[in-house]
Amino acid sequence: MGIRFDSVTVAYDGNVVLDSLDLTVEPGEVMALLGPSGSGKTTALRAVAGFVRPASGRVLLGDRDVTDLPPHRRGIGMVVQQYALFPHMRVHENVAFGLKARKTPKGEIRGRVAEALEMTGMAGYARRFPRELSGGQQQRVAIARALAIRPSVLLLDEPLSALDAQLRSGMLAELSRLHRELPGVSMLYVTHDQVEALTLADRIAVMDAARLQQCGTPRELYREPKSEFTASFVGGANLLPVTVVSGGVDFAGTELKADTRGAVAGARATLCVRPHLVGLGEGPNRIVGTVTEIQWRGATHRLYAEAGGHTLMADLRELKNPPALGDRVMLHFAPDDAVLLPAGVTHA
Amino acid sequence: MLVHSRKGRWAVWAVFLVLFVPLFALPLLVVLGASFATHWSGVLPSGLTTAHYRSATRGEALQALTTSLVTALTASLLALAAGAWAALAGAALNKRHRRILDALFVLPVAVPSVVVGLSVLVAFSKPPMLLNGTRWIVILAHTVLVTAFAHQSVSAAITRLDPAYEQVAASLGARPGYVLWRVRLPLLLPSLTAAAGLCIALSMGELSATMMLYPPDWTPLPVLIYAATDRGALFTGSAVAVVLMAATLFTLFAVSRIGAKASYR
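In order, the protein sequences belong to chains V and G.
Numbered continuously in the working numbering, the first sequence closes out at residue 635.
Numbered continuously in the working numbering, the second sequence closes out at residue 268.
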């Protein structure tokens, strides 16, 4: 079952926290809502769950308008950051909770609980109390509890934020597997972590300041960001303030080749280049800068260089003889690796 | 540990004993001593006897003990039901309305209990609400007096309760009543039993309002102690006081056992 936001606006005390969101999650799709805190992403999820009532707009699950339905009649599975396992119930009672609340026949409950625990790899822990489990195990139980009711929509609210980095990547793989095993379940996945969104989502909706900024496949967002916010939030980017000239752009007196279709000569714009697409040495688009910082990151060196009053970042394959601070270096990138964006905050 | 040096720790212990022994322990020990005495003219009581206890555990005194226990348990249960209900309902209100509700529930504690006793007496002395002369007026007054504590401790626990529990429960398809019964109340149980203990302890010792209200056939234990000491029977009164103390402690212990068993942490 799909989810549809139809110009959903949510306000608390006249303060708009979600501004007319239009978004459709297709059946079986994983949609990540990605944004910093306060961007409205969690509010959007809560509107689907029924914990906030939109000031205007409709929320649809499949063809059903659920805007005015209380949460318990929506039939949605939900997993939250702090797990919220019922501490007074054993694991199997937690997983059975939704089934009992829905008056599922007793004989069926046992099988469904076992199935959900099996699916999340927690079958051996049915008799434990939540406090006897690690954080990762608790989150698996929380997922099993949500899956036990066989929801057609699963809401995940920062589900991995409370886990450490290593567990998180394991759980990411686990969630991808679950998604493959449950092709009919639509998932709305709220996160502030772009790695989670890029790894897991079929499409990403980038949110900022209560508004949807851009929605697309991870590749689209990465290759063709439409705004400076999207470019820097998804993947990180060099955002160079430039002026459009014929056949390219002018960056602080340096002429660079770029695709300027749709831009008028003389207009101000922002050139977006991903740090890992910037190379050291001679190349087609050259910028000379002064090294201000160099960080060794194992497989790569992250180089910061000052040029034309701006700092450029370059992720370079580990260098044998890295430049020293204050050295003049030549940086380059391929013209088709750069994306021209409308001018934004960097011009201010 | 707050105090690290060995000397400092000794000093803290010394201050604690100097303050605690005369203020808390000694009066209780004196009552305990007096309850076994027939004379007390020197430093220590003399003429040790258990006769006071014989009279303190039968007849009138036993009747009064039962009265106190029934009053305390009934009033506490009523107070817990009303206080917890109000606290749960108050949690759904906005801040200003909740403050008004809290203030209403604190009122009986803010007002001297003699005044509460008097107002209950005046309010329920005429038909159609004639409770004066029945045991119910005592139970009612105790309920009014202890509800504040039940309400306060339960509403404090509710604000600490993570809303994610009830939200997840609702998303799983549980109706609000089911969520209350299976999730919220079990999670609140530790503070409910703590509140029950507090209510029982307060009610077992209540004297000032009770004095104005109690009918002849419903004399709680504190009234009996007061009457005994008032007519000069200090040693008998002490024995009854020790029985009251023991009964209260036993009841609190029993309630806390229920709480510990129900607790999941």
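The beta carbon of each residue, even a glycine, is placed where N, CA and C say it ideally should be.
| said: Counting only Cβ pairs nearer than 8 Å, list the residues of chain G close to V/V367. | reply: Here residue 367 of chain V refers to the residue found at position 80 of the first sequence. For V/V367, the C-beta contacts it makes with chain G under 8 Å involve A167, Q170, V171, in order along the chain.
Report task. Step through the CB atoms of chain V and report whether any lies within less than 8 Å of the CB of G/L134. Result -> Here residue 134 of chain G refers to the residue found at position 131 when the second sequence is read from its first residue. In terms of beta-carbon proximity, G/L134 stays away from the interface with chain V, with every pair separated by 8 Å or more.
Item checked: Proximal residues of chain G, C-beta to C-beta of V/P358 below 8 Å -> Position 71 of the first sequence holds residue 358 of chain V. Per Cβ cutoff of 8 Å: Q170, A173, S174.
**Prompt:** Is the Cβ of V/R389 closer than 8 Å to any Cβ of chain G?
**Reply:** Here residue 389 of chain V is taken as the residue at index 102 of the first sequence, counted from 1. Chain G, which has a Cβ nearer than 8 Å to the Cβ of V/R389, makes this yes.
field: Test: G/P3 CB closer than 8 Å to a CB of chain V
entry: Nothing can be reported for residue 3 of chain G, as the shown portion of chain G is limited to 4 through 268.
Can you check whether the C-beta of V/V375 is within less than 8 Å of a C-beta belonging to chain G?
For the purposes of this step, residue 375 of chain V is identified with residue 88 of the first sequence, where counting begins at 1. First, the residue type needs correcting, since residue 375 of chain V is His and not Val in the sequence shown. By this cut-off, V/H375 is an interface position.
Practice item. Quick one: list the residues of chain G neighbouring V/G553, beta-carbon separation under 8 Å, in chain order. Key: Residue 553 of chain V sits at position 266 when you count from the first residue of the first sequence. Under the 8 Å cutoff, chain G gives no residues; its nearest Cβ is about 54 Å from V/G553.
Original post:
Going by the beta-carbon positions, is the gap between V/A488 and V/M318 smaller than 8 Å?
Top reply: Within the first sequence, residue 488 of chain V is the residue found at index 201, counting from 1. Within the first sequence, residue 318 of chain V is the residue found at index 31, counting from 1. Yes, the Cβ-Cβ distance between V/A488 and V/M318 is below 8 Å.
- Query: So, G/L210 versus G/Y181, is the Cβ gap smaller than 8 Å?
  - Reply: Here residue 210 of chain G refers to the residue found at position 207 of the second sequence. Here residue 181 of chain G refers to the residue found at position 178 of the second sequence. Not in contact: G/L210 and G/Y181 (Cβ atoms no closer than 8 Å).
| task | Inspect the CB distances between the stretch 415-435 of chain V and the stretch 369-385 of chain V and report whether three or more fall short of 8 Å. | result | Yes, the stretch 415-435 of chain V is in contact with the stretch 369-385 of chain V.
Check your understanding: Just checking my contact of V/V690 with V/A449 at CB under 8 Å: how many whole Å lie between their CB atoms?
Key -> What is shown of chain V runs 288 to 635, which leaves residue 690 of chain V out entirely.
Where V/Y299 falls, given that 16 or more other Cβ within 10 Å makes a residue buried: Within the first sequence, residue 299 of chain V is the residue found at index 12, counting from 1. Under this definition V/Y299 is an exposed residue.
Q.
Please list the terminal residues of the continuous alpha helix (DSSP H) segment that includes V/D300.
A. Working through the first sequence from its first residue, we reach residue 300 of chain V at position 13. Counting along the chain, V/D300 falls outside any alpha helix (DSSP H), and DSSP gives it neither H nor E.
Original post:
How long is the line joining the alpha carbons of V/R589 and V/A601, rounded to whole angstroms?
Top reply: Looking up residue 589 of chain V in the first sequence gives position 302. Looking up residue 601 of chain V in the first sequence gives position 314. Looking at the two C-alpha atoms, the distance is approximately 6 Å.
Tell me whether V/A635 sits in a helix, a strand or coil according to DSSP, three-state version. On the first sequence, position 348 is the one that residue 635 of chain V refers to. Caution is warranted here: a pLDDT of 37 is assigned to V/A635, below 50, making its placement in the model unreliable, and the coordinate value is therefore given only provisionally. If DSSP states are grouped into helix, strand and coil, V/A635 belongs with coil.
Practice task
Examine chain G for any beta-carbon lying closer than 8 Å to the beta-carbon of V/I436, and answer yes or no.
Solution key: For the purposes of this step, residue 436 of chain V is taken as the residue at position 149 of the first sequence. Output row for V/I436: interface = yes.
Margin query: Buried or exposed, going by whether 16 or more other CB atoms sit within 10 Å of the CB of V/E515?
Written below: Looking up residue 515 of chain V in the first sequence gives position 228. Burial call: buried.
Taking beta-carbon pairs under 9 Å, can you tell me which members of the stretch 184-215 of chain G lie near chain V? Residues passing the 9 Å Cβ filter: R185, V186, P189, L190, L192.
Check: How would you list, in chain order, the residues of chain G whose beta-carbon sits under 8 Å from the beta-carbon of V/G362?
Finding: Working through the first sequence from its first residue, we reach residue 362 of chain V at position 75. Per Cβ cutoff of 8 Å: G176.
Requested in this report: Find the nearest neighbour of G/T77 within the set G/A28, G/T213, G/A92, G/C202, judged by alpha-carbon distance.
Outcome: If you number the second sequence from 1, residue 77 of chain G lands on position 74. Of G/A28, G/T213, G/A92, G/C202, the residue nearest in Cα terms is G/C202.
Who are the neighbours of V/A371 on chain G, taking C-beta pairs under 7 Å? Counted from its first residue, the first sequence places residue 371 of chain V at position 84. In chain order: D165, A167, Y168, V171.
Notebook entry, point to check: Taking DSSP as the reference, what is the three-state secondary structure of V/I581?
Noted result: Taking the first sequence and counting its residues from 1, the one referred to as residue 581 of chain V is at position 294. Note: V/I581 maps to strand in three-state DSSP.
query: By Cβ distance below 7 Å, which residues in the same chain neighbour G/I261 in space, the five residues on each side in sequence not counted?
result: As a working note, residue 261 of chain G is residue 258 in the second sequence. Only T196 meet the Cβ criterion.
*How many angstroms separate the CA atom of G/W43 from the CA atom of G/A113?*
Taking the first residue of the second sequence as position 1, residue 43 of chain G is located at position 40. Taking the first residue of the second sequence as position 1, residue 113 of chain G is located at position 110. The straight-line gap from Cα to Cα measures roughly 39 Å.
Self-check item: Nearest-angstrom Cβ-Cβ length linking V/V440 and V/S473, presumed shorter than 8 Å
Solution: The count along the first sequence starts at 1 and reaches residue 440 of chain V at position 153. The count along the first sequence starts at 1 and reaches residue 473 of chain V at position 186. For a cut-off of 8 Å, the C-beta gap from V/V440 to V/S473 is around 5 Å, short enough to register as a contact.
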